[in-house]
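Colleague: In order, the protein sequence lines correspond to chains A and X. Numbers 1 to 310, taken from UniProt numbering, label the letters of the first sequence in order. Numbers 1 to 259, taken from UniProt numbering, label the letters of the second sequence in order. Glycine is no exception: its CB is placed at the ideal position from the N, C-alpha and C atoms.
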Amino acid sequence: MSINSLKASTDRGRAGDKIFSGVSLAAGVLILAVLFSVAVFLMVQAAPILSADPAEVTGGEGFAAYILPIVIGTVVAAAIALIIATPVGIAVALFISHYAPRRLARAFGYVIDLLAAIPSVIYGAWGYIILAPQLAKGYAWLAENLGWIPLFAGPASQTGKTMFTAGVVLAVMVIPIITSLSREIFLQTPNLHEEAALAMGATRWEMVRMAVLPFARPGIISATMLGLGRALGETMAVALVLSPGALGASLIRTGNQTIAAEIALNFPEAFGLRLNELIAAGLVLFVITLIVNMIARFIITRHKEFSGAN
Amino acid sequence: MSKRIDVKDLNVYYSKFLAVEDVNINIEARSVTAFIGPSGCGKSTFLRTLNRMHEVIPGARVEGEVLLDGDNLYDSAVDPVTVRGQIGMVFQRPNPFPTMSIRDNVLAGVKLNNKRISKSDADDLVEKSLQGANLWNEVKDRLGRPGSGLSGGQQQRLCIARAIAVSPQVILMDEPCSALDPISTLAIEDLINELKADYTVVIVTHNMQQAARVSDKTAFFNIAGTGKPGKLIEYDDTTTIFNKPTVKATEDYVSGRFG
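#1: Give every residue of the same chain whose Cβ lies closer than 6 angstroms to the Cβ of Gln-86(X), excluding the five residues on either side of it in the sequence, and list them in chain order.
#2: So, is Ser-184(X) buried or exposed, given that buried needs 16 or more other C-beta atoms within 10 angstroms?
#3: Compute the beta-carbon to beta-carbon distance between Thr-165(A) and Ala-132(A), rounded to the nearest angstrom, for a pair I have assumed lies under 8 angstroms.
#4: Find the nearest neighbour of Leu-130(X) within the set Lys-3(X), Ser-118(X), Glu-55(X) and Leu-143(X), judged by alpha-carbon distance.
#5: Mind checking the segment 106-125 of chain X against chain A and listing, in chain order, the residues whose C-beta falls within less than 8 angstroms of any C-beta there?
#6: Given a cut-off of 8 angstroms, decide if Gly-59(A) and residue 314(A) are closer than it, judged by their beta-carbon atoms.
#7: If you measure from the beta carbon of Leu-94(A) to each beta carbon in chain X, is any gap under 8 angstroms?
#8: The beta strand (DSSP E) with Gly-88(X) in it runs from where to where?
#9: Locate the beta strand (DSSP E) running through Thr-200(X), then write down its first and last residues.
#10: Once you ignore the five residues that flank Ile-279(A) on each side, which residues in its own chain have a CB closer than 7 angstroms to its CB?
#11: Tell me, to the nearest whole angstrom, how far the beta carbon of Arg-162(X) is from that of Asn-105(X); I am working on the premise that it is less than 8 angstroms.
#12: Three Cβ pairs or more, each shorter than 8 angstroms: is that satisfied between the segment 241-260 of chain A and the segment 97-114 of chain A?
#13: So, does the CB of Leu-192(A) fall closer than 8 angstroms to a CB anywhere in chain X?
#14: For the alpha helix (DSSP H) that Lys-8(X) lies in, which residues bound it at each end?
#15: If Thr-205(X) sits next to Glu-175(X), beta carbons under 8 angstroms apart, how far is it from one beta carbon to the other, in whole angstroms?
#16: Keeping to the same chain, check which residues put their C-beta closer than 7 angstroms to that of Asn-310(A); ignore five residues upstream and five downstream.
#17: Checking contacts by CB at 8 angstroms: is Thr-58(A) closer than that to chain X?
#18: So that I know if they touch, is there some Cβ in chain A lying closer than 8 angstroms to that of Phe-97(X)?
#19: Do you know offhand how far Ser-2(X)'s Cα is from Leu-18(X)'s?
#20: Decide if Ile-83(A) is buried, meaning its Cβ has at least 16 other Cβ atoms within 10 Å, or exposed.
#21: Going along chain X, which residues have a C-beta under 7 angstroms from Gly-109(A)?
#22: Give the single residue among Gly-152(X), Cys-177(X) and Leu-195(X) whose Cα lies nearest to the Cα of Ile-171(X).
#23: Does the count of Cβ pairs from the segment 146-157 of chain A and the segment 187-201 of chain A closer than 8 angstroms reach three?
#24: Decide yes or no for the touch test of the segment 120-127 of chain A against the segment 207-225 of chain A: beta carbon pairs closer than 8 angstroms, at least 3 of them.
#25: In the DSSP assignment, the beta strand (DSSP E) including Asn-26(X) goes from what residue to what residue?
#26: Fully enclosed by the segment 171-244 of chain X, which beta strand (DSSP E) runs are 3 residues long or longer?
#27: Taking Cβ positions only, does Thr-82(X) come closer than 8 angstroms to chain A?
#28: Mapping DSSP to helix, strand and coil, what is Glu-63(X)?
#29: Would you kindly work out how many angstroms separate the C-alpha atoms of Ser-39(X) and Asn-207(X), rounded to a whole number?
#30: Does the beta-carbon of Val-66(X) have 16 or more other beta-carbons within 10 angstroms, so that it is buried, or is it exposed?
#31: Taking a cut of 7 angstroms between CB atoms, which residues from the segment 179-209 of chain A lie near chain X?
#32: Compare the beta carbon distance of Val-83(X) and Arg-116(X) with 8 angstroms and say whether it is the shorter of the two.
#33: Kindly indicate which residue of Met-225(A), Ile-300(A), Leu-251(A) and Thr-162(A) has the alpha-carbon position closest to the one of Val-292(A).
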């Protein structure tokens, strides 16, 4: 009687396989568990706010009236940041990947990566000391000449600590993220497609539009969403460069507030219902981020057929 | 359309490395010219100098002249973008733009050259070009579908349709069938025979039977050894190259004794 040789040989390799699948399963379960516990914590801690007397909530008109202005403030600050950062970030990435001489491109790439590593409090301090006073001059001009547009209604902030300044600081923080991710994607554009465009008589810019940008589209969206995530959640920089206040349409007047900065500024001395209130605000921010990511996923999958992945 | 090409004393360099040395060749209009030779002999490099595509690689440069009906491609006032608009190219691996539909792929080059084209003109051009590439009947019902959904041979014919849509003077083909099965190869070869009526076609191929089947004239390139420059060894009518070559190396190569 002989031992089945096929059977014998399979046993040894399986051990490593089992360990590896066990480790990766554990890692997957762990991240889900952490996420789940954060969600549960937020919901349990936020729950009392729903049954609370509206008069006891900050502002005295219930949680919705309290949270809505700072939700809008958060979204506006992030929107300003993305409107500035996305085109600039993509342009810088294209410069590095397709226009700059190779040696310069490499040095430039390192510097950009370095920018992404600077802590946000530094950006906040820079915005507070350098940027805000400079922008304040521009705000005065805007209020005087374009004041009839509600966005630029006066009186302009003297210190420059406004929503727009916060948006600009956030943009500066988000640019390195968008740039370094986009650059990686741009460099992966198949040579084949770049040459196809060039061989048809495309200029460099036409080649970028024909071959590079369509190929990189899902990557650019992901990069923007990661940037948006940072802009939405950024706390310290906004807390430093924004004098908070009531919601208003003007971007150059003192006022407005974002969720993250609101939590950070008030958390240390909060207790009781106020604490529940701030945690509920955190939950709202969590949901906003989730929705934004789902929209991004949707945009990416909608164009799957034309993505070049098939 | 369709112009002749005359190459005079052409040397091709990659930085300091001389890749192809001293090529002189006259390519007739409305004919098919095949470049054959062992791997690394510089035939693809030389082909790419005919529409200045070699310049895409940093450090690549040439000495000498390439005349398109007497006009030097390498004149300092000539923009490579203009050259490539007139001398189309089909690559070794089919490369339709994956994010574009079949229709948009055909129109890609046209939209570069004159931005405005009416929808009916565009429709006509798409049909004419796809017919010219023997692809119309297979794709006419799915022009809006992505080009990447076609088979390899269909994709390559789509690339040919894209190249002829701009009515180039010359079409360069760099081993257009090396990634295709025999049936698709046959379809492309038939197509090359038809293209000859309107265009000057230059084709690089590893397949000697293919050169014998499709070309009017054949150029044989060879290198003395690794690190040495590639050279044009012999250039003559295809029948002469395959039956009565004058150079020993050509005879050895076409009869399968090496390479």
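Modeller: Reading from the atomic positions:
#1: By 1-based counting over the second sequence, the position of residue 86(X) is 86. Cβ within range, chain order: Pro-168 and Gln-169.
#2: To locate residue 184(X), count along the second sequence from 1; it is residue 184. Flag for Ser-184(X) reads buried.
#3: By 1-based counting over the first sequence, the position of residue 165(A) is 165. By 1-based counting over the first sequence, the position of residue 132(A) is 132. Sure, about 5 angstroms apart at Cβ, within 8 angstroms.
#4: On the second sequence, residue 130(X) is found 130 positions in, with the first residue counted as 1. Closest by alpha carbon: Leu-143(X).
#5: Ala-108, Gly-109, Leu-112 and Asn-113
#6: Examination of residue 314(A) is not possible in this model, given that chain A is present from 1 through 310 alone.
#7: Within the first sequence, residue 94(A) is the residue found at index 94, counting from 1. No, Leu-94(A) lies away from the interface with chain X (no Cβ there is under 8 angstroms from its Cβ).
#8: On the second sequence, position 88 is the one that residue 88(X) refers to. Per DSSP, Gly-88(X) belongs to the beta strand (DSSP E) from 87-90.
#9: Start at 1 with the first residue of the second sequence, and residue 200(X) comes out as number 200. Thr-200(X) -> beta strand (DSSP E) spans 200-204.
#10: Along the first sequence, read from residue 1 onward, the residue named residue 279(A) stands at position 279. Only Leu-42, Gln-45 and Ala-46 meet the Cβ criterion.
#11: Counting from 1 along the second sequence, the entry for residue 162(X) is found at position 162. Counting from 1 along the second sequence, the entry for residue 105(X) is found at position 105. Contact flag correct, Cβ pair sits at about 6 angstroms.
#12: no
#13: Residue numbering aside, residue 192(A) sits at position 192 when the first sequence is read from its first letter. Yes, because at least one Cβ of chain X sits closer than 8 angstroms to the Cβ of Leu-192(A).
#14: The residue labelled residue 8(X) in the question sits at position 8 within the second sequence. Not the alpha helix (DSSP H): Lys-8(X) falls in the beta strand (DSSP E), residues 5-14.
#15: Position 205 of the second sequence, counting from 1, holds the residue named residue 205(X). Position 175 of the second sequence, counting from 1, holds the residue named residue 175(X). Yes, Thr-205(X) and Glu-175(X) are in contact; Cβ-Cβ is about 6 angstroms, under 8 angstroms.
#16: Counting from 1 along the first sequence, the entry for residue 310(A) is found at position 310. Its pLDDT being 42, under 50, Asn-310(A) is placed unreliably by the model, and nothing is read from it.
#17: For the purposes of this step, residue 58(A) is identified with residue 58 of the first sequence, where counting begins at 1. Not closer than 8 angstroms to any Cβ of chain X, the Cβ of Thr-58(A) fails to qualify, so no.
#18: The count along the second sequence starts at 1 and reaches residue 97(X) at position 97. Yes, Phe-97(X) counts as interfacial toward chain A.
#19: Counting from 1 along the second sequence, the entry for residue 2(X) is found at position 2. Counting from 1 along the second sequence, the entry for residue 18(X) is found at position 18. Spanning the two alpha carbons is a distance of roughly 31 angstroms.
#20: If you number the first sequence from 1, residue 83(A) lands on position 83. Exposed is the call here.
#21: Translated into positions along the first sequence, residue 109(A) becomes position 109. Under the 7 angstroms cutoff, chain X gives no residues; its nearest Cβ is about 17 angstroms from Gly-109(A).
#22: Residue numbering aside, residue 171(X) sits at position 171 when the second sequence is read from its first letter. Selected option, being the one with the closest Cα: Leu-195(X).
#23: no
#24: no
#25: As a first step, residue 26(X) must be located in the second sequence, where it is residue number 26. It spans 17-27 - the beta strand (DSSP E) in which Asn-26(X) sits, taken as one unbroken run.
#26: 200-204, 217-223 and 230-237
#27: Translated into positions along the second sequence, residue 82(X) becomes position 82. Interface residue, yes.
#28: Numbered from its first residue, the second sequence carries residue 63(X) at position 63. In this structure, Glu-63(X) counts as strand in the three-state DSSP scheme.
#29: Here residue 39(X) refers to the residue found at position 39 when the second sequence is read from its first residue. Here residue 207(X) refers to the residue found at position 207 when the second sequence is read from its first residue. Each residue's Cα considered, the two are about 12 angstroms apart.
#30: For the purposes of this step, residue 66(X) is identified with residue 66 of the second sequence, where counting begins at 1. Looking at its Cβ environment, which holds 16 or more other Cβ atoms inside 10 Å, Val-66(X) is buried.
#31: Leu-192, His-193, Glu-195, Ala-196, Leu-198, Ala-199, Met-200, Gly-201, Ala-202, Thr-203 and Glu-206
#32: As a first step, residue 83(X) is located in the second sequence; it is residue number 83 there, counting from the start. As a first step, residue 116(X) is located in the second sequence; it is residue number 116 there, counting from the start. Not in contact: Val-83(X) and Arg-116(X) (Cβ atoms no closer than 8 angstroms).
#33: One-based indexing of the first sequence puts residue 292(A) at position 292. Among Met-225(A), Ile-300(A), Leu-251(A) and Thr-162(A), the Cα nearest to that of Val-292(A) is on Met-225(A).
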